[in-house]
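Working notes, beginning with the structure itself.
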Amino acid sequence: MDFDLSPAARDLRDRAERFFTSHILPRNPDYQAWMAAHDVGNPPFLAELKAKARAEGLWNLALPKLGADEPGTRCTNLEFAPVAEILGRLPWASSVFNCHAPDVPNMEILQAHGTAEQKRRWLRPLLEGTTHSAFAMTEPDVASSDASNIATRITRDGDHYVINGRKWFASSGSRPDCEFLLLMGVTDPDASRTRRHSVVIVPTDTPGITLVRNLPTFGHMDRVSPHPEFRFDNVRVPVENLLGAEGAGFAIGQGRLGPARIHHCMRAIGTCEVLIALMLQRAGRRESFGRKIGDYANIQEWIALSRLELEQARLMVLKAAWALDRYGNKGARKEISLIKIGVARAYSYIADRAVQIFGAMGSTDDTPAAAAYTNARLLRIYDGPDEVHHRTLYRFEAEDAEQANRDLRAYLPSG
Ligand SMILES: Cc1cc2nc3c(=O)[nH]c(=O)nc-3n(C[C@H](O)[C@H](O)[C@H](O)COP(=O)(O)OP(=O)(O)OC[C@H]3O[C@@H](n4cnc5c(N)ncnc54)[C@H](O)[C@@H]3O)c2cc1C
Numbered sequence: 076m077d078f079d080l081s082p083a084a085r086d087l088r089d090r091a092e093r094f095f096t097s098h099i100l101p102r103n104p105d106y107q108a109w110m111a112a113h114d115v116g117n118p119p120f121l122a123e124l125k126a127k128a129r130a131e132g133l134w135n136l137a138l139p140k141l142g143a144d145e146p147g148t149r150c151t152n153l154e155f156a157p158v159a160e161i162l163g164r165l166p167w168a169s170s171v172f173n174c175h176a177p178d179v180p181n182m183e184i185l186q187a188h189g190t191a192e193q194k195r196r197w198l199r200p201l202l203e204g205t206t207h208s209a210f211a212m213t214e215p216d217v218a219s220s221d222a223s224n225i226a227t228r229i230t231r232d233g234d235h236y237v238i239n240g241r242k243w244f245a246s247s248g249s250r251p252d253c254e255f256l257l258l259m260g261v262t263d264p265d266a267s268r269t270r271r272h273s274v275v276i277v278p279t280d281t282p283g284i285t286l287v288r289n290l291p292t293f294g295h296m297d298r299v300s301p302h303p304e305f306r307f308d309n310v311r312v313p314v315e316n317l318l319g320a321e322g323a324g325f326a327i328g329q330g331r332l333g334p335a336r337i338h339h340c341m342r343a344i345g346t347c348e349v350l351i352a353l354m355l356q357r358a359g360r361r362e363s364f365g366r367k368i369g370d371y372a373n374i375q376e377w378i379a380l381s382r383l384e385l386e387q388a389r390l391m392v393l394k395a396a397w398a399l400d401r402y403g404n405k406g407a408r409k410e411i412s413l414i415k416i417g418v419a420r421a422y423s424y425i426a427d428r429a430v431q432i433f434g435a436m437g438s439t440d441d442t443p444a445a446a447a448y449t450n451a452r453l454l455r456i457y458d459g460p461d462e463v464h465h466r467t468l469y470r471f472e473a474e475d476a477e478q479a480n481r482d483l484r485a486y487l488p489s490g
């Protein structure tokens, strides 16, 4: 297993670092001020930054190498990891390189399963960074951890599919510039549990779609990537909008999750680096009871533990990236489950300590700690809750043990 970057990948990482430091980070105060003053939309300078990044070849870096006809500089997962980490230092930075969720995993499934016309109509604008998309799988009425439960009906009617049901947490789906949803629903209720579902492309202006509400998480409304609840009443889309084959929806949804999960983890590592740096700075400047906060042993231990956990998380993510590049989604399932749990834990512990070290300020939006704390908690739920990944890992362990069929009696001298 070799995590060393090629000279080209190192150059890319260094260029990303320079771009972040020179062009993105200095605009963060403007970004925050603009977002505080506006309910929706993007600050005008975002388009300017995107154009600049694209001109420098820092564009669509997260897509797999599938073809040569789309804009972007494609990296392997291992090559993308350090870039995603740099971008993860700020919640909005990934969009400057067109490497943000949920568009990237949506681009991946359109690239892998779309027809030539679907790619022209729906994928191309995403690759150009001129529009947005959402993935609508989760439903309020069923346990969506188990994707085979998804119940929204997609019924064939002549040259159309007719959609009826409810969805929520279709992140970004209610952005004014979100052009379409990739919606998963049941096309054949009598098929086996993994062959019942299909994915269809649903333009957001299709009659019959009702935006019920945007959901706050822990009391906060995400205005960049809002979490809408939708109702679909006899929503009609042409049959050409079917993505892949009828019955392939479950597999498409699962395939989307590998890259989506690893990118979230890569970005979380960048966020944690910022939190450690801020904790250190704060602890070195603030005094209580006559001593710098950083002179107290518990604070030193928190920072040391944060470094330990972050280093473990980073190495696990690199291993998962390596496995994903080498063995694909299926072959890297175990590594992806490991990081999904492990990174969310490290992120939660580190964000929790950052909140504490900043005291009351840590609970406000004056530092990134509170948002990180919230995101870390949410990461334990989205893209599969922890418990589902525990189950996956247990199964791998049990399978490995059965295959190894080791004689363990000598470890138990008493029998
Ligand atoms: C911030 C955020 C963004 C999201 N973005 C999207 C999106 O863009 N598109 C989309 O479709 N969805 C999205 N989701 C939804 C997310 O993927 C689901 O919430 C998740 O899959 C869990 O489904 P559920 O909420 O129905 O929980 P349920 O399936 O009802 O599960 C609830 C709890 O039951 C327990 N549980 C479930 N299964 C098991 C098991 N096998 N063993 C033990 N315990 C178990 C777990 O503790 C779990 O947390 C998002 C969610 C959040 C919070």
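In this text, residue positions in the sequence shown follow this note's numbering: the first is 76, and each later residue adds one. Just so you know, even glycine gets a beta-carbon here, dropped at the ideal spot from N, CA and C.
Rounded C-beta distance between residue i and residue j? I'm assuming under 8 Å.
{"i": "F307", "j": "G240", "result": "5 Å"}
{"i": "A419", "j": "A451", "result": "6 Å"}
{"i": "M182", "j": "L202", "result": "6 Å"}
{"i": "S249", "j": "G260", "result": "Actually they do not touch by this definition, with Cβ atoms about 19 Å apart."}
{"i": "L256", "j": "A320", "result": "Not confirmed; about 19 Å, so no contact."}
Going by C-alpha distance, which of the options is nearest residue i?
{"i": "N224", "options": "L317, P282, L121 and G328", "result": "G328"}
{"i": "F94", "options": "L201, R336, V171 and S438", "result": "V171"}
{"i": "H235", "options": "V430, G359, N309 and F433", "result": "N309"}
{"i": "N117", "options": "W167, D221 and L136", "result": "W167"}
{"i": "H188", "options": "L317, M436, L468 and Y457", "result": "L317"}
{"i": "F155", "options": "E362, S489, L385 and R342", "result": "R342"}
{"i": "G283", "options": "I276, P301, A266 and R311", "result": "R311"}
{"i": "N103", "options": "V275, T442, A435 and I276", "result": "T442"}
{"i": "L185", "options": "G233, V275, A388 and G406", "result": "V275"}
{"i": "R382", "options": "G345, A111 and E254", "result": "G345"}
{"i": "L332", "options": "A176, Q478, A111 and V314", "result": "A176"}
{"i": "P82", "options": "E123, C150 and A111", "result": "C150"}
{"i": "L393", "options": "H302, P157, Y106 and A126", "result": "P157"}
{"i": "A209", "options": "V277, P215 and A126", "result": "V277"}
Can you find a heavy atom of ligand 1 that lies under 7 Å from the Cβ of residue i?
{"i": "T269", "result": "no"}
{"i": "E462", "result": "yes"}
{"i": "M296", "result": "no"}
{"i": "D178", "result": "no"}
{"i": "T51", "result": "Nothing about residue 51 can be reported from this structure: the residues present for the chain run from 76 to 490 only."}
{"i": "R408", "result": "no"}
{"i": "T292", "result": "yes"}
{"i": "M302", "result": "Sequence inspection shows His at residue 302; the Met mentioned does not correspond to that position. Answer for H302: yes, Cβ within range of ligand 1."}
{"i": "L453", "result": "yes"}
{"i": "I456", "result": "yes"}
{"i": "G459", "result": "yes"}
{"i": "R466", "result": "yes"}
Between the C-alpha atoms of residue i and residue j, what's the straight-line distance to the nearest angstrom?
{"i": "A159", "j": "N152", "result": "10 Å"}
{"i": "G147", "j": "R195", "result": "16 Å"}
{"i": "V463", "j": "F471", "result": "13 Å"}
{"i": "T449", "j": "F293", "result": "7 Å"}
{"i": "P200", "j": "D252", "result": "11 Å"}
{"i": "V115", "j": "R298", "result": "6 Å"}
{"i": "E304", "j": "H295", "result": "15 Å"}
{"i": "S246", "j": "K367", "result": "42 Å"}
{"i": "V179", "j": "L138", "result": "7 Å"}
{"i": "D461", "j": "L454", "result": "9 Å"}
{"i": "I432", "j": "D370", "result": "13 Å"}
{"i": "K242", "j": "A335", "result": "19 Å"}
{"i": "Y422", "j": "L380", "result": "12 Å"}
{"i": "Q356", "j": "R164", "result": "16 Å"}
{"i": "G437", "j": "A91", "result": "29 Å"}
{"i": "A388", "j": "E348", "result": "12 Å"}
{"i": "A222", "j": "A323", "result": "12 Å"}
{"i": "M110", "j": "V314", "result": "39 Å"}
Going along the chain, which unbroken runs of the beta strand (DSSP E) with 3 or more residues stay wholly within the region 191–220?
-> DSSP assignment within the region 191–220 yields the following whole beta strand (DSSP E) runs of 3 residues or more, N-terminal first: 207–211.
Practice task
Scan the region 132–186 and note each continuous alpha helix (DSSP H) run of 4 residues or more that stays entirely inside, going in chain order.
Solution key: Here the runs fully enclosed are 152–162.
Output the residue ranges of the beta strand (DSSP E) runs that lie fully inside the region 290–334 and measure 3 residues or longer, sorted by chain position. With a minimum length of 3 residues, the continuous beta strand (DSSP E) runs that stay inside the region 290–334 are 303–313.
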